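Number of protein chains: 2
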Amino acid sequence: MLDDGQNLTHEISAKIDFSPMEEAVGYRLRRAQLAVYQDFTETFEKEELRPADFAVLMLVSKNPGLKQSEVAEVLGIQRANFVAIIDGLEKKGVAERRKSDTDRRVQSLYITDKGRAYLDEITPIWRKHDERQMERLGGPAARDQLISLLKRLYD
Amino acid sequence: MLDDGQNLTHEISAKIDFSPMEEAVGYRLRRAQLAVYQDFTETFEKEELRPADFAVLMLVSKNPGLKQSEVAEVLGIQRANFVAIIDGLEKKGVAERRKSDTDRRVQSLYITDKGRAYLDEITPIWRKHDERQMERLGGPAARDQLISLLKRLYD
Numbered sequence: 000m001l002d003d004g005q006n007l008t009h010e011i012s013a014k015i016d017f018s019p020m021e022e023a024v025g026y027r028l029r030r031a032q033l034a035v036y037q038d039f040t041e042t043f044e045k046e047e048l049r050p051a052d053f054a055v056l057m058l059v060s061k062n063p064g065l066k067q068s069e070v071a072e073v074l075g076i077q078r079a080n081f082v083a084i085i086d087g088l089e090k091k092g093v094a095e096r097r098k099s100d101t102d103r104r105v106q107s108l109y110i111t112d113k114g115r116a117y118l119d120e121i122t123p124i125w126r127k128h129d130e131r132q133m134e135r136l137g138g139p140a141a142r143d144q145l146i147s148l149l150k151r152l153y154d
Numbered sequence: 000m001l002d003d004g005q006n007l008t009h010e011i012s013a014k015i016d017f018s019p020m021e022e023a024v025g026y027r028l029r030r031a032q033l034a035v036y037q038d039f040t041e042t043f044e045k046e047e048l049r050p051a052d053f054a055v056l057m058l059v060s061k062n063p064g065l066k067q068s069e070v071a072e073v074l075g076i077q078r079a080n081f082v083a084i085i086d087g088l089e090k091k092g093v094a095e096r097r098k099s100d101t102d103r104r105v106q107s108l109y110i111t112d113k114g115r116a117y118l119d120e121i122t123p124i125w126r127k128h129d130e131r132q133m134e135r136l137g138g139p140a141a142r143d144q145l146i147s148l149l150k151r152l153y154d
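Here the protein sequences line up with chains A and B, keeping their order.
Sequential numbering of the first sequence, starting at 0, is according to numbering that gives the first Met the number 0.
Sequential numbering of the second sequence, starting at 0, is according to numbering that gives the first Met the number 0.
Below, the structure is given as structure tokens:
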């Protein structure tokens, strides 16, 4: 399915004047990001797991008790989308909100036992997805080079 | 505003275990893309112009008469979002749908005279936005290197 889509795009692209978008940083970033997200979504189609769900679950498992606002901030997720992500994880029973011990007005996030088992199960599959991206790039050195360039755009 | 957001993120990030997302290709792409889009959105805040609006308008100006489906496909925009983008551009009076000469069931896209004037006005501002990204990366060579790596992920 992915291949058909890409071939179709190649066919159409061949007859199109695409300047000056061809070399535009934002546009190229968007296309690459969509391709990587598509691979992720296809990888976890049965799980109905999206990249942001995985990132939140991984972050919360390593840092139990982070505030909701901190998790959203660190991952660059907008508040409106973030609430839906946490609702989804709670519904699956893999994460939960709890009132903070130090400030009852604040909600902290925790992974559940079910969430830990789930994460153990999906992490190797995620690693394969990430390795596929590395292979497309041409290996670990190319991957490190890409990440170093990407960090310059927002660090 | 951008700086404050980034400083806050740095503060929170300092105390957080972020493995294995730290070096994940998809996650890093997403963060860089968000930063570049944020710069774009702030640049064109008054115009209420989003990156996809600009890409569509630029593409249609260079390739008048492309089918809606072709434009969506080439830019990697989902159908549901694409309709809203074209509705917005028509409402602004800068682009228009017309029935295709060769197939009346197909809608083709055109830029209007107002759209051409608008594009002439905003293109230099867009170029400055794109140059800011290039400067953040470290110059034209770094930009070309980034784009070459990004293309490997979806070409």
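Think of the CB as a built atom: it goes at the ideal place given N, C-alpha and C, for glycine as much as any other residue.
From a predicted model like this one, the values you see are computed outputs, not experimental measurements.
Neighbourhood of A:D3 by C-beta, 8 Å cutoff - its chain only, sequence neighbours within 5 removed: Any reading at A:D3 must be qualified, since the residue scores a pLDDT of 43, below 50, and its modelled position is unreliable; the value itself is stated next. So the list is empty, once near-sequence residues are dropped.
Cβ closer than 8 Å: which chain B residues qualify as neighbours of A:N80? Simply none; closest approach about 12 Å.
For B:A31 and A:Y26, believed in contact at Cβ under 8 Å, the rounded distance: About 13 Å separates the CB atoms of A:Y26 and B:A31; that is not less than 8 Å, and the two are not in contact.
At least three beta-carbon pairs within less than 8 Å, the stretch 57–73 of chain B to the stretch 63–73 of chain A: Judged by Cβ distances under 8 Å, the stretch 57–73 of chain B makes no contact with the stretch 63–73 of chain A, as fewer than three pairs qualify.
Should the stretch 73–82 of chain A be regarded as contacting the stretch 118–128 of chain A, the criterion being three or more beta carbon pairs within less than 8 Å? Result no; under three Cβ-Cβ pairs closer than 8 Å.
For chain A, is any of its Cβ atoms less than 8 Å away from the one on B:K127? Not an interface residue.
Is it true that the CB of B:L88 sits closer than 8 Å to the CB of B:D129? With respect to B:L88, B:D129 sits apart: the two C-beta atoms are not nearer than 8 Å.
Considering only residues of the same chain and omitting the five flanking positions on each side of A:M0, which have a CB-CB separation below 7 Å? Because the pLDDT of A:M0 is 36, which lies under 50, any placement of that residue in the model is unreliable, and the number read from its coordinates should be weighed accordingly. Nothing listed; no residue qualifies.
Under 8 Å, Cβ to Cβ, is there at least one residue of chain B near A:L88? Not one chain B Cβ lies under 8 Å of A:L88.
I'd like to know if A:A18 contacts chain B, where contact means its C-beta is closer than 8 Å to some C-beta of that chain. Per the sequence shown, residue 18 of chain A should be read as Ser rather than Ala. Yes - at least one Cβ of chain B is within 8 Å of the one on A:S18.
Nearest CA to the CA of A:T111: which residue from A:E22, A:A94, A:R103 and A:K98? Looking at A:E22, A:A94, A:R103 and A:K98, the one whose alpha-carbon comes closest to that of A:T111 is A:A94.
Roughly how many angstroms separate the alpha carbons of B:T42 and B:L56, rounded to a whole number? Those two C-alpha atoms are separated by around 17 Å.
Given that a residue counts as buried once 16 or more other Cβ atoms are within 10 Å of its Cβ, and exposed if not, what is A:V35? A:V35 is buried by the Cβ-count criterion.
List, from N- to C-terminal side, the alpha helix (DSSP H) runs of 4 residues or more that fit wholly inside the stretch 38–73 of chain A. As for any alpha helix (DSSP H) of minimum length 4 sitting wholly inside the stretch 38–73 of chain A, the runs are 50–61, ordered along the chain.
Grab the span of the beta strand (DSSP E) containing A:A107 for me, first residue to last. Residue 107 of chain A is actually Ser in this sequence, not Ala. Counted as a single uninterrupted DSSP element, the beta strand (DSSP E) harbouring A:S107 occupies residues Q106 to I110.
Nearest-angstrom Cα distance between A:A23 and A:D100? Computed Cα separation, rounded: 47 Å.
Can you find a C-beta in chain B that's less than 8 Å from the C-beta of A:A13? Interface residue (Cβ-Cβ distance to chain B less than 8 Å): A:A13 is not classified as such.
According to the Cβ coordinates, are B:R151 and A:L33 closer than 8 Å? Not a contact, by the Cβ cut-off of 8 Å.
Show which residues of chain B have a CB atom less than 7 Å away from the CB atom of A:I85. In chain order: nothing, as chain B lies at least about 17 Å away.
In angstroms with no decimal places, state the Cα-to-Cα distance between B:A141 and B:P19. Using only the alpha carbons, I get a separation of about 26 Å.
What's the C-alpha gap between B:G75 and A:D102? Their Cα atoms are separated by approximately 44 Å.
Nearest-angstrom Cα separation, counted from B:Q37 out to A:D86: Cα to Cα, A:D86 sits roughly 26 Å from B:Q37.
In the DSSP assignment, the alpha helix (DSSP H) including B:E95 goes from what residue to what residue? Residue range A94 to K98 is occupied by the beta strand (DSSP E) that includes B:E95, with no alpha helix (DSSP H) assigned at that position.
Comparing alpha-carbon positions, which option in B:G138, B:S107 and B:M133 lies nearest B:K98? Nearest to B:K98 by alpha-carbon distance, out of B:G138, B:S107 and B:M133, is B:S107.
For A:R29, does the count of other Cβ atoms within 10 angstroms reach 16, so buried, or fall short, so exposed? When all chains shown are included, A:R29 counts as buried.
Return the residues of the stretch 24–54 of chain B that lie within a Cβ-Cβ distance of less than 7 Å from chain A, sorted by chain order. Those residues of the stretch 24–54 of chain B that come within reach of chain A (Cβ to Cβ, closer than 7 Å) are V24, G25, Y26, R27, L28, R29, R30, A31, Q32, L33, A34, V35, Y36, F39, P50 and A54.
Does the beta carbon of A:P123 fall short of 7 Å from some heavy atom of the ligand GTP? Of ligands this structure carries none, so the ligand GTP is not represented either.
Cross-chain neighbours of A:E22 in chain B, by beta carbon under 9 Å: In chain order, D129, R142, D143 and I146 make up the part of chain B whose C-beta sits under 9 Å from the C-beta of A:E22.
Please compile the residues from chain A whose C-beta is within a distance smaller than 9 Å of the C-beta of B:Q67. Under the 9 Å cutoff, chain A gives no residues; its nearest Cβ is about 12 Å from B:Q67.
When you compare the CB of B:Q132 with every CB in chain A, is at least one pair closer than 8 Å? B:Q132 counts as touching chain A.
For a cutoff of 8 Å on Cβ pairs, would you count A:V73 as touching chain B? Judged by the 8 Å Cβ criterion, A:V73 is in contact with chain B.
Given A:Q132 as reference, the closest of B:R78, B:L149 and B:D16 once Cα atoms are compared: Ranking B:R78, B:L149 and B:D16 by Cα distance to A:Q132 puts B:L149 first.
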